[in-house]
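The structure appears right after this line, and notes come after that.
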Amino acid sequence: MRRILSVAFVASVMFAGALIAAELKSGLQVGDAPPAYNVKDVTGPSEGKSLCYRCKYGARPVVNIFAREMTPEVVALVKQIDEVVGKNGEKKMAAFVTLLTNDPDKDEASLKAIAKKEGGLKNVPLTVFDGVAGPEGYKIAEKADLTVTMWVGQEVKASHAFAKGEYKTASAKAIIEDTKKILN
Numbered sequence: 161m162r163r164i165l166s167v168a169f170v171a172s173v174m175f176a177g178a179l180i181a182a183e184l185k186s187g188l189q190v191g192d193a194p195p196a197y198n199v200k201d202v203t204g205p206s207e208g209k210s211l212c213y214r215c216k217y218g219a220r221p222v223v224n225i226f227a228r229e230m231t232p233e234v235v236a237l238v239k240q241i242d243e244v245v246g247k248n249g250e251k252k253m254a255a256f257v258t259l260l261t262n263d264p265d266k267d268e269a270s271l272k273a274i275a276k277k278e279g280g281l282k283n284v285p286l287t288v289f290d291g292v293a294g295p296e297g298y299k300i301a302e303k304a305d306l307t308v309t310m311w312v313g314q315e316v317k318a319s320h321a322f323a324k325g326e327y328k329t330a331s332a333k334a335i336i337e338d339t340k341k342i343l344n
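In the numbering used here, the protein residues as written are 161 to 344.
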């Protein structure tokens, strides 16, 4: 009897843990307005300068990828977003990556190396933000390793969040599909 109760308890704890993981919320949610924040552009048209891409892109359809680490899977997602942006130039779609870091100088070099290795990302600037907590007002969850926020007309239309190790290349399909929400 004790063994059955132990197994039941372990199973219920695992189930509850899975529910909590599935409900990770990070970043702005649907209906929120994205506030302004500054980043340092590492590979984009304003390379080396601090600017507000949210401000620069205005009411355009935007994908903002917040990452705490540029894993191969995240880089693959960025490449896919780069392609989507390239195909939607007539809709003035834009995107940028915000690497959340406590050591922007060190991470600038790694972002440049990634861009060079990938043959240069044509449409998605890689940027750094000084501080792993992320920009004030964006509500980036401490447990989120990757947060993808999409907006148009200053209103968030889609948001995705992944804890460390949760994001897999297969997850990109749902993110790419959600770009339609900001393009229509």
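Every residue, glycine too, gets a C-beta built ideally from N, C-alpha and C.
Check, Outcome
"Does the Cβ of Ala318 have 16 or more other Cβ atoms within 10 Å, making it buried, or fewer, making it exposed?", "buried"
"If you follow the beta strand (DSSP E) that Glu315 is part of, which residue opens it and which one closes it?", "315-323"
"What residue ranges within the stretch 261-295 form continuous beta strand (DSSP E) runs of no fewer than 3 residues, ordered along the chain?", "286-290"
"Residues bridged to Lys347 by DSSP?", "Only positions 161 to 344 of the chain appear in the structure, and residue 347 is not among them; the question remains open."
"Examine the Cβ distances between the stretch 204-219 and the stretch 325-343 and report whether three or more of them are shorter than 8 Å.", "no"
"Does any C-beta atom of chain C lie closer than 8 Å to the C-beta of Arg214?", "Going by chain labels, chain C is absent from the structure shown, which holds only one protein chain."
"In the DSSP assignment, the beta strand (DSSP E) including Asp242 goes from what residue to what residue?", "From DSSP, Asp242 is part of no beta strand (DSSP E) but of the alpha helix (DSSP H) over 232-247."
"Taking Glu270 as the reference, which of Asn283, Thr287, Phe256, Leu343 has the closest Cα?", "The sequence given here has Ser at residue 270, not Glu. Residue Thr287 is the option with its Cα nearest to Ser270."
"Would you call Asp201 buried or exposed, if buried means 16 or more other Cβ atoms sit within 10 Å of its Cβ?", "buried"
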